[in-house]
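To keep things clear, I will list the structure first and then write my remarks on it.
Structure representation (structure tokens):
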């Protein structure tokens, strides 16, 4: 050990804006990062993310710290940390692509393809998700980079408190998941870890600067500030958790225009909640249906595909019982009634059968004939009981009818595809339907293709979601997925050959109970529907293996093959004229009809599912940004208020206090340019740091050294004293500061002190503040904006370095 | 506590006088202004000085020049193993003419006594100095004779010559206010010494007298009047306490040394014309006043730990006092 290392204070005291973190803080900070990353368990299904994240966090922490120990410039430690993250990700996420532990070009390719999948993956899915390479990359890389940021910030002399922000970002990113419990656990464990960090961060123990009353009970003070911080953290975290939207949309609903108003209403993408329901494999009872025949219970339909997800827009109007936009049931046509009792359905849509005509018993519900969906006013429909009357026509459709149906004039939205769908999909669709002439034949061909054995049903698909990336992976690569992939592929393939399609979202029939069906969360399902013109309307198909549309035996070979007795309606009474049974409501409703007479809730609201898919993430970032802005505003206000009250009190207390306060302010300004005084140092020792040539060397080594140096050199030409040769401050500035320090010392130690000297001190302090502001680097300016009190984040050099040296007496006792 | 008007009058010329004395001495001891300054402070603080250094760097010259500048009487005692206590204090001889014992004062009866190579004398002789240094009086033959005012012992010892030396007892070493070392001159000073044809290495006895005896007394009282604030006294006591509780130190500062520390800081403050002591004053003299009194733990002595390093550590562990601002 060289003497310099034995006495780390001397080297560090020379004014670099950097501290090497002590061991306790390092461990605490690593813990904070790990705990905040642990919140990801609510985002992912399975444990595949744990390894990459932990390795990434630990590896980057160790590398950043080790490098910062040797080379204190943040750029090197940051670089080392990033390299460590890259290595950790390569080893844990793409181990097969590395050669002897070294990433190869294959790693890069894998990285790029995984990264490409991330964007659409996020847009089209909501937590919890399966751990795909893309998500593992995102989680491990994000946590690692944030760790690097935290460690670099922790070594920043003025910013040790800011080191908590990166972990906060990870923490908030992990919060939107609404997967059952664990919220409280996550929040409280994060707060505990953050508290531990603040406790070890000696900055909190010494808030005062020179001459300022230093509190003796630093231990007690530290405890109380840690407690206050924890409390504030819990409150903030709890409110953030409550406000952030979950996948169930409970958080986001009710914002904006409520039902009855006329505002835009944004609701979560039903595909996303479908995904969650399916992937969760939860057996929560959702609703019971009392009906004689089974059906798919439809929540809504989606007809817009933007390349990342399916969505819809609709105009909803209130009604009393007869649904708006739907023709009344002609007498003689057979209807079916189904009574729904909602148990625990996290959805704004109500389930119904195909082709509803009227609904009884539903208060505050509005209907959109375009999407065939019933919308509740509130965020939940739990406890509602209502009866839906519908035409029964599906079982009466025959293959011959559909085959003979002319190609319909569908709105372009039903055949539109985004440009992001590759040409290969079109070629595939044309190949599949090469021999098909009618629209019906084309639909069947696509259905046959997707239900052929080369496709495999799995709830844990390699490429989740319904976006273009997931779609192409599903069609050409993995050929494994669940209903979302199958239905999405069907709809896109059909649109490629001009067949208008949309996605139906809802539930499969469920399990039979006495007089009806019990539907569980796990029965969530999606299926494609094909438009066959106003005569036949939207007809559901079923490309997902193992599923069949109840009652579709007439036209769907899959349904007839499965021949499930529960789904097969025993009734064979055919309506006199099938065409008459198709309600006019199946036509697209362009203009919204006014509310029917008798409808109290006559407002309209429109929904848009697409915006919500990324809304949760967007909101998380917005919340983080808002938090930062609030902090900055608060910081500025707090600094202003603190200075003001201090001056007022000082002027009441007399000239000595005024002079001391003036110096204290100057000292705080000095801290902002990276020169601070330890408790055991005198003012002249502080000023010596400014005048020493060594201070120049240190400041020149920083990123902003050039400017500071130039100013110093410029001033020294006109200066008087020789000590300021290229120093941080010019000799004139230094001389003013020395005079101020002298006056302050006089106020502190002399027998007599007069008001005139105090006034001199005040004006000198104001000068110093102006001068020092010029010497602040960009980094220091930024930090100044971000921090409440310079003292709050100033680490004590003494406590940091005193016992870290290797001098023999220190080894003997360790503590004093 | 009122400030004495006299102090205000004296302090202004004090610093000027101080500077001129240092400049005067510096003509014979070149390039050692800070050591010379400490020696002068020691004199005006009524302290004794221990100079520990290799032979031939000008220890004796410094002491002589100091005495000469103030126009004080200077005597030199070369300590040897066979030196007797009476050789220091003086003896009573039978005077046949008067038929009585007459006291023949020893070399200690002077204002500045140079005790050269003090650690060569036997402990018995060294102890003869003890009373003189602390009580400023000599007792022989039931008679107590006061020493002249001012009185200062400038002792020198050679650290490298361990053969035939007796280490100074702790009680005696504690009576020295400061220990300084001169060290080798830098290149320029040494060249000037050779160059100046007797001017640089000149005889201290031919130096001009800058101040008189009365001035010394005025300076001594001025130093005593320098104000040490309560927080500053607390700082000194805390420093002392830190030396006593430091794990590396077997024997810390004595109350006598606490007093000496404050006195030396007062002297330093006065030398800059200040009427109050600052923490910087205390820190500046801390090492010189305290280092020789500290006894390290035996195990650390063997490992070669520097006392100064530990003192630096102590300085860093004690909070510098502050005036109280009402806020925070």
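Residue numbers (my numbering), protein chains in the order written: chain A, 1 to 816; chain B, 817 to 1144.
Built from N, CA and C at the ideal position, the CB exists for glycine as well.
Going by beta carbons, residue 302 of chain A and residue 502 of chain A fall inside the 8 Å limit. As DSSP reads the structure, residue 968 of chain B sits in a beta bridge with B/928. Under a criterion of Cβ atoms nearer than 8 Å, no residue of chain B is adjacent to residue 30 of chain A; the nearest Cβ is some 29 Å distant. Neighbours of residue 680 of chain A across chain B, judged by C-beta separation under 7 Å: 1131, 1132, 1133, 1134, 1135, 1136. For residue 890 of chain B, DSSP records a beta bridge to B/928. Look at residue 337 of chain A here: in three-state DSSP terms it is strand. Neighbours of residue 749 of chain A across chain B, judged by C-beta separation under 7 Å: 1045, 1048, 1092, 1093, 1094. For residue 1099 of chain B, a Cβ of chain A is located within less than 8 Å of the residue's own Cβ.
Counted as a single uninterrupted DSSP element, the alpha helix (DSSP H) harbouring residue 431 of chain A occupies residues 423-432. The beta carbon of residue 738 of chain A sits no closer than 8 Å to any beta carbon of chain B. Cα atoms of residue 1069 of chain B and residue 1075 of chain B: separation of roughly 10 Å, rounded to the nearest angstrom. Counting every other CB atom within 10 Å of its CB across the protein chains shown gives residue 523 of chain A a total of 16 or more, marking it as buried.
Shown here, residue 70 of chain A sits in a helix according to DSSP, grouped into three states. DSSP, reduced to helix, strand and coil, places residue 197 of chain A within a helical segment of the structure shown.
Listed along the chain, the chain B residues whose CB falls inside 7 Å of the CB of residue 745 of chain A are 1094. Under a 10 Å Cβ-count criterion, residue 910 of chain B is classified as exposed, with fewer than 16 other Cβ atoms of the shown protein chains found around its own Cβ. Annotation: the continuous alpha helix (DSSP H) that includes residue 1097 of chain B extends over 1095-1106. Scanning B/929, B/864, B/1111, B/905 for the CA closest to the CA of residue 922 of chain B turns up B/905. A direct Cα-Cα distance of roughly 7 Å separates residue 1029 of chain B from residue 888 of chain B. In the structure shown, the three-state DSSP call for residue 943 of chain B is helix. For a Cβ distance threshold of 7 Å, residue set 1096 of chain B lies close to residue 684 of chain A, ordered along the chain. If you look at residue 290 of chain A, you'll find it in the beta strand (DSSP E) that goes 285-291. DSSP assignment within the segment 996-1076 of chain B yields the following whole alpha helix (DSSP H) runs of 4 residues or more, N-terminal first: 1003-1011, 1029-1040, 1046-1061. Approximately 12 Å separates the beta-carbon atoms of residue 309 of chain A and residue 505 of chain A; this is outside 8 Å, ruling out the contact.
Per DSSP, reduced to three states, the secondary structure at residue 365 of chain A is strand. Residue 342 of chain A sits in a strand when the DSSP states are folded into three classes. One alpha carbon belongs to residue 363 of chain A, the other to residue 318 of chain A, and they sit about 10 Å apart. Beta-bridge analysis with DSSP links residue 391 of chain A to A/335. Three or more Cβ pairs drawn from the segment 843-858 of chain B and the segment 1083-1095 of chain B lie within less than 8 Å of each other, which places the two stretches in contact.
Residue 460 of chain A: not part of any alpha helix (DSSP H); DSSP gives it neither H nor E.
If you check the CB distance, residue 418 of chain A and residue 307 of chain A come in under 8 Å. In the three-state reduction of the DSSP assignment, residue 540 of chain A falls in the strand class, which pools E and B. Distance from residue 948 of chain B to residue 924 of chain B at the Cβ level is roughly 5 Å; contact confirmed, criterion being Cβ atoms closer than 8 Å.
Between the alpha carbons of residue 665 of chain A and residue 1138 of chain B lies a gap of roughly 15 Å. Short of 8 Å from the beta carbon of residue 687 of chain A, and not among the five residues preceding or following it, lie these beta carbons of its own chain, in chain order: 734, 737, 738, 741. Residue 1001 of chain B is positioned such that its CB atom lies no closer than 8 Å to that of residue 993 of chain B.
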